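Residue numbers (mature numbering (1 follows the signal peptide of the UniProt record, and there is no 0)): -23 to -1, 1 to 140.
Built from N, CA and C at the ideal position, the CB exists for glycine as well.
For clarity, every value in this text was computed on a predicted model and none was experimentally measured.
Here's the structure we're looking at; comments come further down.
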Ligand SMILES: *[C@@H]1O[C@H](CO)[C@@H](O)[C@H](O)[C@H]1NC(C)=O
Ligand SMILES: *[C@@H]1O[C@H](CO)[C@@H](O)[C@H](O)[C@H]1NC(C)=O
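So, in structure tokens, the structure goes:
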């Protein structure tokens, strides 16, 4: 790498670190409900623009059922099909997020689950807000930015072979 590239990487890492540090600890400023509403509205502009914000149909197929009916949306036609469920956290903004869960341990090939392949979860990083009561005033809130890994899909991989 050239010096310029190295410097860019370094500055990028610092920015990222700054973000993480303020998310993890940082200031614990208490805000009132109208200030909270504003933070939440601003957040929802970001959230609405993400592809994760869509509410997805939930169903409860088993791997064997999925194997016989590989039609419809990508999560149904995938060799490693998945389902969606709602992850609920009242202290998080947004409180409800669709999470993906793999239906099979193996992958579906020739209409059967084949265990010489593995279904693995694919994650996407999402910025969220964490809301807690203000220690000095229960009418107010402390709001902190954080990052979570949202399971969004499954993919079919060759197992890690031990040599
Ligand atoms: C919330 O705090 C802001 C800034 O301190 C203030 O202007 C506003 O009047 C407060 N709102 C309520 C509902 O207490
Ligand atoms: C986000 O989307 C929801 C539901 O579609 C809508 O009610 C809300 O007004 C949107 N918020 C913003 C800030 O765009």
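Simplified DSSP state of residue i, which is helix, strand or coil
{"i": "residue 132", "result": "strand"}
{"i": "residue 25", "result": "helix"}
{"i": "residue 137", "result": "coil"}
Beta carbon of residue i nearer than 9 Å to that of residue j
{"i": "residue 119", "j": "residue 7", "result": "yes"}
{"i": "residue 64", "j": "residue 76", "result": "yes"}
{"i": "residue 79", "j": "residue 44", "result": "no"}
{"i": "residue 54", "j": "residue 106", "result": "no"}
{"i": "residue 85", "j": "residue 58", "result": "yes"}
{"i": "residue 95", "j": "residue 135", "result": "yes"}
{"i": "residue 104", "j": "residue 123", "result": "yes"}
{"i": "residue 72", "j": "residue 20", "result": "no"}
Boundaries (first-last residue) of the alpha helix (DSSP H) holding residue i
{"i": "residue 43", "result": "40 to 45"}
First and last residue of the uninterrupted beta strand (DSSP E) at residue i
{"i": "residue 67", "result": "Where residue 67 is concerned, there is no enclosing beta strand (DSSP E), given that its DSSP letter is neither H nor E."}
{"i": "residue 97", "result": "95 to 111"}
Cβ separation of residue i and residue j, assumed to be a contact under 8 Å, to the nearest whole Å
{"i": "residue 40", "j": "residue 90", "result": "5 Å"}
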